[in-house]
Amino acid sequence: MSTHQHVRVAPESTAPPDIAVEAIDLTKTYGTGDKAVHALAGISLSVPAGTVFGMLGPNGAGKSTTTKILTTLARADEGHARVAGFDVERDAAAVRHAIGYVPQKPCFDPTATGWENLSLQGRIYGMPKKEIARRGTELLERFGLAEAANRLTKKWSGGMQRKLDVALALIHHPQVLFLDEPTTGLDPEARADMWAEIAGLSKTSGLTVVLTTHYLEEADNLADNLVIIDHGRVVATGTPDELKGQLEGETIQIQLADPEARDVAVAAVTAIDGVHDVSVDDATLRANVTDGASNMARTLVALDSSGVEIASVTLARPSLDDVYLRHAGRSFRAADEAGTKEAA
Ligand SMILES: Nc1ncnc2c1ncn2[C@@H]1O[C@H](COP(=O)(O)OP(=O)(O)OP(=O)(O)O)[C@@H](O)[C@H]1O
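Sequential numbering from 1238 applies to the sequence shown in our numbering.
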């Protein structure tokens, strides 16, 4: 792992398991009494080896806590987890050797060059000098950092620094790479670049990647399978397409001119046959419709007859936001904002 600590060499393991990560009923409470925060209320998940797995959830959902337990940095109160075939509690040292971990906060040394950072990381893992040089060169080239390798990393761009963090986590050839919010704070171009790197890692190196994100688009783009986490529980699981496929038809999204009209609007739309899962968040009303074109027309007529003014209307295929809304009862954005406020 990429935190600066010594780890023992892993015991001989048999062939890599088909399931790279498995968690069963993990619970975790921080604090006690009135101050207790139930961060995890029974998280279970299973990650096939060689795939990208997404843990998607709003701020405060429990993604980082789950990652910390799987990377041996925190202990669950209850439940079990195995990573790369090793139990996270009984074989913690073996787990640490089998994984790379990129936390939310940068872990490179800004006062050292890229090359010095990689070299130090290799020494922490007890790798021979020649192997550090070989693997370091390979990683610098793979991430397009070779030209900058001898410059101080504090002068690198945010995207380059993030890629160095990933390279550091990969120096010792881990089987499973954990990425905690890998693209938070990056500009759109650097984010797209990082997505391409992450997708490439599992496709070309057979690495298992477990990433946490609160970007719906990131999970949709990258994850072969994902869990949606809300309030410390898994509320939905599947491939992005399976999850979206659970919602039949299309989604109508209507921006109300006056948020005060939302109750009247919901009542009017709910009464229409073929319109389901009507919800409203501030001034945005959403509903699923089986036959988009004709139900869109009926919806607009119903709102007009009820005296509800409309600012704009869109019709779209269901997104992961709609999946989240169905399971959590509120939009992802609203939950994300609430989670940020709770944590403050
Ligand atoms: N060390 C801690 N002490 C007390 N409460 C904590 C601690 N770490 C996390 N929490 C709380 O546990 C809950 C889950 O936090 P966690 O960081 O796992 O969520 P998250 O989904 O990763 O969110 P974020 O994206 O904001 O990191 C939150 O309510 C958070 O405030």
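C-beta: ideal position from N, C-alpha, C; glycine also.
Here the structure is a predicted model, which means the values were calculated and not measured.
- Taking 7 Å as the cut-off, the C-beta of G1297 counts as close to a heavy atom of ligand 1.
- Looking at the DSSP output, T1551 bridges to Q1490.
- Under the 8 Å Cβ criterion, the region 1439 to 1455 counts as touching the region 1291 to 1301, having at least three qualifying pairs.
- Residue pairing from DSSP leaves S1442 without any beta-bridge partner.
- About 20 Å separates the beta carbon of L1310 from that of V1464, a gap too long to meet the 8 Å contact definition.
- Relative to ligand 1, V1274 has its C-beta within less than 7 Å of a heavy atom.
- Note on the region 1461 to 1491: whole beta strand (DSSP E) runs with a minimum of 3 residues are 1462 to 1467, 1470 to 1475, in chain order.
- R1360 and G1279 have their C-alpha atoms spaced approximately 38 Å apart.
- From the listed residues T1420, Q1492, A1260, I1435, the smallest Cα separation to V1284 is found for A1260.
- Under the DSSP assignment, Y1267 falls in the beta strand (DSSP E) whose first and last residues are 1256 to 1267.
- P1285 sits in a strand when the DSSP states are folded into three classes.
- CA-CA distance, G1299 to I1256, rounds to 22 Å.
- When DSSP assignments are scanned along the region 1499 to 1571, the uninterrupted stretches of beta strand (DSSP E) that are 3 or more residues long and fall wholly within it turn out to be 1512 to 1518, 1521 to 1526, 1547 to 1553.
- For A1321, there is no enclosing alpha helix (DSSP H), as DSSP marks it with neither H nor E.
- Between E1574 and the set D1518, T1536, A1530, I1547, the nearest pair of CA atoms involves D1518.
- Here S1531 is exposed. Its C-beta has fewer than 16 other C-beta atoms within 10 Å.
- Just so you know, the alpha carbons of R1563 and K1342 end up roughly 32 Å apart.
- The continuous beta strand (DSSP E) containing I1336 extends over residues 1336 to 1339.
- If the five residues before and after L1277 are omitted, its C-beta is found closer than 6 Å to the C-beta atoms of L1263, T1264, K1265, G1299, T1302, G1469, all from its own chain and listed in chain order.
- Residue environment analysis places E1546 among the exposed positions, since fewer than 16 neighbouring C-beta atoms fall within 10 angstroms of its C-beta.
- For the pair A1534 and I1408, the Cα-to-Cα distance works out to about 58 Å.
- For D1417, the enclosing beta strand (DSSP E) starts and ends at 1413 to 1417.
- Taking 8 Å as the cut-off, the beta carbon of A1571 is found no closer than this to the beta carbon of T1488.
- Under DSSP, the beta-bridge partners assigned to F1290 are V1447, N1462.
- For Y1338, the Cβ stays outside the 7 Å cut-off from all heavy atoms of ligand 1.
- In this structure V1538 is exposed. Its beta-carbon is surrounded by fewer than 16 other beta-carbon atoms within 10 angstroms.
- For the pair L1357 and L1382, the CB atoms are not nearer than the 8 Å cut-off.
- Per DSSP, T1302 is one residue of the alpha helix (DSSP H) stretching across 1300 to 1307.
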